Structure formats: C-alpha cells, structure tokens
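Here's the structure we're looking at; comments come further down.
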Amino acid sequence: MHDQYGPIVRVAPTQLSYITAEAWKDIYGSHAGQAQNPKDQRMLIAPHKGMPDHILRANDANHSRYRRLMAYAFSAKALEDQQSLITAYVDILIERLKENANNAQNMTAWYNWTTFDIIGDLTFGESFHGLRDQCWHPFVETITEGIEVGAAITAISYYGLGFVLQYLTPKFMLDKFERMQAYTREKVESRLQRGTERPDFMSFIMRNDKKGQQMSKDELEVNAEILVLAGSETAASLLAAATYYLCTNRQTLEKVTSEVRDAFETDQDMDMHSLAKLDYLLAVLNESLRLYPPVPSAVPRITVNGGRISGQWVAPGTIIGIFQFAAFHSPSNFHESEALVPEPGFLTHPLSSVRTTKMWLAHLEMRLILAKVLWNFDLSLEEESKHWTNQRMHIVWQKGPLMVKLTPVDRTEKVKSG
C-alpha cells in the first residue's frame, strides 16, 4: 500500500500507517517536556484475569519501576555472569545437530528449542528441556498458540466487541492459559525460595528489591511470562531468517563463514567480547532484521492531544504506528530493498542506537548461536524451504519448518598439516 499511496496511509478510519524515520522518532521517541504517545492497549498481551499489568501494558510509573528492577539483569555486566549458562545450551544445540548431521534438519524448531531453554533457565532457574526432548514443552506450546488467539482477540476488540471475547475464546485454550498461569506461579515460587546466589534474572530483580519499590509476587509472575516470550521468540525468528537468507545468498554465506572460521581455532574460544569483533556477522544479523523483522506489524500508539507526525498534524485519538515490514522493504528507504546487502557499521533500525533492556542478551545469544553453527557446519537449503519467507503473520510470524542440510566441517587435514 505504501508503494502505491506514499509514506502515510490511512489503513482504518482512525488509524494511520507510516514508514519514515522521522515518523519513527515522532511516534516512539521521547520529546522534552512532552509525554510519550501512549500505547494502544488493544494490541498488547493482556495479563491473566485478576492479575496486574506487565511491563508492556503498565502505566508510566509502573513501567519505569519495572525497567529499573529488570535493567541490570539485561546489562553487559550481568551477561558476563550468565555467559557460561548460555554457552552450555548452545553447545548442546551443536551436539544435537551433529547427531543428526548430513540429514535435513528443521532449524526453525532447533532455534526455538534453544532460545526457550535459555530463557527458561534465566527466568525460572530451570530449562524447558526442548533440546533434550526435541519437542515442545506445554508452557511453550501455550505461549505460541496464544499469540494466534491474541491476534484474533485484538481484531475483534477494534470493532468494540470486547465484551463477547469470554464467549469466543475456545475452552481448551482457556484451560491451557490456566495451566500456564499455575506453572508460572509454581516456578516463580520455587525460584524465589532458592535466593539470590545464582546469577539469573530473578536474582538480579530480588537484589534490587532490597532497595525498595519491589515487585509483588503477582507482578513477578506476569512479567516472567513476558520475559520468556520476548526473550525467545524474537531471537529464534531472527536466527531462522538469517540462516535462510545466508543459504539463498551463497557469496554472503561464504564471506561470513570465512570471517567466523578465520577468527577462532575452536568454537570454545567464542565469547561476548571476541564475537563483538566480527563486524560482518553483525551486519548479516542487522540486515536479516531489516528483511524479516520479528514483529512485522505496527506497535501502535495513540495521539491523546494530537500532534505533528512526520511533519503533518494528526488529530487527537488517532492510532499511529510504523508497520516495520513495509518500512524496511520500501524502496524509498532502502536501495535494493528486497536484497540481503550486509554493510558493517550500518544501523538498519532508525532508533537502533537506543539501548533496550533486551539488547545485550539478544546480541550475545544470536551471535553465539549463528557463529557456532557456521563454524561447525556447511549449510545447504532443502528444496522444500526455498520459499520459507512466504508466511502468515499474527503479531509475529507463523514460521514453517526451515529444512537445512548441515554437513560437519572436516578439519582433520588442517590438524595433520598443522
């Protein structure tokens, strides 16, 4: 639509879609002396009935309090303490892939199992055992199914029919949500009883509790579920996308593979500091983020009092947002907008210089996983996944299997010659 109608499109009577960098700053940025445009609550995951709002839906005061309590858990210093835990799970992934080597493997599933196992351990103090069992934990299954249900609920709420939702949500999903809430409550309680010695999300949040403004147990529960979703699905989606784009761009694959293999004698030498020096690897991830944003739709805000967006006045009560997929694929924003063109040092995202609480974790996780996969295996996309990016979207992508043949790298000749 933007290619046909320009950088501003009215997609509904009271909703505008933008694709310009200026609009991004106007909609989502902070402005001196002005309150931020508030979030459109209908697009945000609602907490369980009777529970407090989580960080995505919280008012400004609670949002700031949550951020302060969580900030250190996602800092570079905290990740120094968590590196060994994250690396252990990535090494399990590599071992599992080697066990199934020379066969087509579903990398969508492998990446999801890995990121969910990591975030489960960091949040609850124990894994979901996806890598061990090679199947979906019921908690993880409910989260992913709930996204699709949530998309339908969101669409209905825009027509003022929110009151009928309790009658439309399938009973089996309501039962799953109840079991998920019970699981979360049990795991949070168990983790709290183990104290603050272990360096994970809960230990850092509990340590900050001593400084006042702590989270209640209910607040810990609702935010734990958000941490699991936000800390797993987006990273897994981007890893799958990067793998697909590399397999369909052989020259880029060869270049980034050479960078990784030339930098390390063994994959055990990889850590957050050494991986940060791989500029082309980061460029590949950034470019994959542009081509396949894990949240491709808009994260809508509302103009309460009206204001200027992208140089034009917008009336009060208007829903505004950047549809990321449209913005990142627009020829008006990017030359060769449909091609994978990694450029080291180039920041894809208009606000990518802004540090978010999840950024350090996501960067370490994605670089480490992709680097270890490239160091250990030669990749080849199976014919059945040639059009993998042709997907439906319900808030996030509905990913299909990404079938890739992984051939272990033979380093015996190098060892002999050395």
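For the sequence shown, full-length UniProt numbering begins at 1 and goes up steadily by one.
Note that CB positions come from ideal geometry on N, CA and C, so glycine has one too.
Predicted model only: the values in this text are computed from it and were never measured.
Asked, Found
"Along the alpha helix (DSSP H) that carries Ser190, what are the first and last residues, could you check?", "Lys171 to Gln193"
"Mapping DSSP to helix, strand and coil, what is Thr318?", "strand"
"Since Gly120 and Arg198 should fall inside the 8 Å C-beta cutoff, what is the C-beta to C-beta distance between them, to a whole number of angstroms?", "The pair is not a contact, with the Cβ atoms about 14 Å apart (cut-off 8 Å)."
"So what does DSSP say about Pro7, is it helix, strand or coil?", "coil"
"Tell me the DSSP secondary structure of His394 in three-state form.", "strand"
"Of the choices Thr114, Asp60 and Pro52, whose alpha-carbon is the least far from that of Ala362?", "Thr114"
"Report back the beta-carbon spacing between Leu291 and Ala241 to the nearest angstrom; my notes put them in contact at under 8 Å.", "7 Å"
"To test your reading of the DSSP string, which unbroken alpha helix (DSSP H) runs of 4 or more residues are found completely within the segment 23-94?", "60-71"
"Taking Leu289 and Phe201 to be in contact with their CB atoms under 8 Å, please state how far apart those CB atoms are, rounded to whole angstroms.", "That belief does not hold up - the Cβ atoms of Leu289 and Phe201 are roughly 24 Å apart, past 8 Å."
"Quick check on the DSSP output: the beta strand (DSSP E) that includes Val299 runs from which residue to which?", "Element bounds for Val299: n/a, residue is neither H nor E."
"Leaving out five residues before and five after Asp378 in sequence, what residues of the same chain have Cβ atoms less than 6 Å from its Cβ?", "Thr407"
"For the alpha helix (DSSP H) containing Lys405, name the first residue and the last one.", "First-last for Lys405: Met403 to Pro408, but that is the beta strand (DSSP E), not the alpha helix (DSSP H)."
"How far does the alpha helix (DSSP H) with Arg198 in it extend, from its first residue to its last?", "First-last for Arg198: undefined, no H or E at that position."
"Indicate whether the contact test is met: 3 or more Cβ pairs, each with one atom in the segment 11-21 and one in the segment 308-323, closer than 8 Å.", "yes"
"Would you list, in sequence order, the uninterrupted alpha helix (DSSP H) runs of no fewer than 4 residues that lie entirely inside the segment 100-136?", "107-124 and 130-133"
"Where does Ala12 fall in DSSP's three states?", "strand"
"Buried or exposed: which applies to Ser353, given that a residue is buried once 16 or more other Cβ atoms fall within 10 Å of its Cβ?", "For Ser353, the predicted model reports a pLDDT of 36, less than 50, meaning its position is unreliable; a value from the coordinates is still stated below. By the 10 Å Cβ count, Ser353 comes out exposed."
"What separation, rounded to the nearest whole angstrom, lies between the Cα atoms of Trp226 and Tyr72?", "Trp is not the amino acid found at residue 226; the sequence shown has Ile there. Computed Cα separation, rounded: 17 Å."
"Output yes or no for whether 8 Å exceeds the beta carbon distance between Glu218 and Pro52.", "Note that residue 218 corresponds to Asp in the displayed sequence, not to Glu. Contact flag set, yes."
"What did DSSP end up calling Phe377 once you bin it into helix, strand or coil?", "strand"
"Using the C-alpha atoms, what's the distance from Asn208 back to Asp81?", "17 Å"
"When the Cα of Trp397 is compared with those of Tyr89, Asn106, Asp60 and Ile147, which residue comes out closest?", "Ile147"
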